[in-house]
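Quick note: the sequence shown uses my numbering, first residue 3, plus one each step. Positions of the beta carbon are idealized from the N, C-alpha and C atoms, including for glycine. All figures in this text were calculated on a predicted structure; none of them were measured in a lab. Notes to accompany the following structure.
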Amino acid sequence: MRSLLLAALVLAAAPALAEEEEWDDVADEEWDDEAEEEEGNFALTDWIGDHLSFGGYYENQFSIFALPRHTADPGGWSVDVMDVNKLRLDLQARPLEGFSADADVVLRSFHGTTKFHLVDMLPRKFEADIAIIEAIDPSLVIYRLENEIYLDNAYLTAHVRSVRLRVGKQQIRFGSGYLW
Numbered sequence: 003m004r005s006l007l008l009a010a011l012v013l014a015a016a017p018a019l020a021e022e023e024e025w026d027d028v029a030d031e032e033w034d035d036e037a038e039e040e041e042g043n044f045a046l047t048d049w050i051g052d053h054l055s056f057g058g059y060y061e062n063q064f065s066i067f068a069l070p071r072h073t074a075d076p077g078g079w080s081v082d083v084m085d086v087n088k089l090r091l092d093l094q095a096r097p098l099e100g101f102s103a104d105a106d107v108v109l110r111s112f113h114g115t116t117k118f119h120l121v122d123m124l125p126r127k128f129e130a131d132i133a134i135i136e137a138i139d140p141s142l143v144i145y146r147l148e149n150e151i152y153l154d155n156a157y158l159t160a161h162v163r164s165v166r167l168r169v170g171k172q173q174i175r176f177g178s179g180y181l182w
């Protein structure tokens, strides 16, 4: 009922709105003049848009696996499921010409089978050694995957003339590698 009433009001006002086209043109010109005046002023949102960028990606890994000794049945197999979600956010700031700051933050969450015993992962020849370690401290033979947030890269770069200086946490590549 309300939508029909609103539609009737719009249709009734349409001829009156058509007569006001001249006013719309004047309003548009005033809007353009205001925009031109603001171009000379410093706007924080414009500076952020020009000097700060971000990107990243989402990755999902779903695994189904069987560990031969990860079961109560000595000769049996157990099927396990694990789901890993990874979100990476890449931030880059360029506050001045020749200077930049980069940071990459990674969030990972683990679901399903996240606890592993070394007996399930290593060959049978290590079972005696694992049993000795487990007798001393049982937590040493258990590996648990836990949710994490970490800074993958965080560095500052200064590029002046032909010199580039980069300081911070980063991967360093040692040149080309070849395999044949």
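For this session: Please say whether F112 and N149 have beta carbons closer to each other than 8 Å?
Result: For N149 and F112, yes; Cβs fall inside 8 Å.
Exercise. DSSP puts A68 in a beta bridge; with which residues?
Worked result: Answer is V81.
Exercise. Per DSSP, what kind of secondary structure is I132 in: helix, strand or coil?
Worked result: DSSP places I132 in helix when its eight states are reduced to three.
For this session: May I have a chain-ordered list of the alpha helix (DSSP H) segments no shorter than 4 residues that lie completely inside the region 120-173?
Result: If you keep only unbroken alpha helix (DSSP H) runs of at least 4 residues inside the region 120-173, you get 120-123, 129-138.
Problem set entry | CB contact flag (T115, V83, <8 Å) | Cβ atoms of T115 and V83: closer than 8 Å.
Problem set entry | Element boundaries [beta strand (DSSP E), containing S178] | S178 -> no beta strand (DSSP E), and no H or E assigned at all.
Problem set entry | Residue(s) in a DSSP beta bridge with D104 | According to DSSP, D104 bridges with Q94, Y157.
Problem set entry | S55 versus V165: straight-line alpha-carbon distance, rounded | Separation of S55 and V165 (C-alpha to C-alpha, rounded to the nearest whole angstrom) is 24 Å.
Problem set entry | Length of the line joining the Cα atoms of D52 and V162 | For D52 and V162, the gap between their C-alpha atoms comes out near 20 Å.
For this session: Please confirm if the region 62-70 is in contact with the region 80-100, defined as three or more CB-CB distances below 8 Å between the two stretches.
Result: Output reads yes: the region 80-100 touches the region 62-70.
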